[in-house]
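Have a look at the structure below before the remarks.
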Amino acid sequence: MTDQTSNEKAENCNGSGDTFQQTNNDDTLETLMAAYGNEVANLSNTMDEVDAALQELESQSDALYDEAQQILEEVRRDKESADTMDTSSPLADTKNS
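Numbering (full-length UniProt numbering) for the sequence shown: 1 to 97.
Structure (structure tokens):
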């Protein structure tokens, strides 16, 4: 009879232990899920920041491209003016001297 009582006590202890372990697992799972949710939110915020930075870079790139196009056009006009300049003018003679 002692063996039966010992076994019952052991089962009761194991049962309690299982309940404690399950509660501990549930708490751990909740903690992990909360941490996961926080990480997802952090990644989402980071992605938003990266997207905003990329948009800013694209805007700056467009502005630099437009400025380069304007400079190129000015250089073309200056070259055309230089090509059509009258080389028989007195100014042309003094430049060559």
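For every residue, glycine included, the Cβ atom is placed at its ideal position computed from N, Cα and C.
message: Tell me the DSSP secondary structure of Met85 in three-state form.
response: Three-state DSSP puts Met85 in coil, outside helix and strand.
message: Between the alpha carbons of Thr84 and Arg76, how many angstroms are there, rounded?
response: Cα to Cα, Thr84 sits roughly 12 angstroms from Arg76.
message: Whole angstroms are fine: how far does the CA of Ala52 sit from the CA of Thr46?
response: Our two residues, Thr46 and Ala52, have alpha carbons roughly 10 angstroms apart in a direct line.
- request: Taking only the alpha-carbon atoms, compute the straight-line gap between Leu43 and Gln22 and give it to the nearest angstrom.
  value: One alpha carbon belongs to Leu43, the other to Gln22, and they sit about 31 angstroms apart.
message: In whole angstroms, give me the CA-to-CA distance for Asp27 and Tyr36.
response: Cα atoms of Asp27 and Tyr36: separation of roughly 14 angstroms, rounded to the nearest angstrom.
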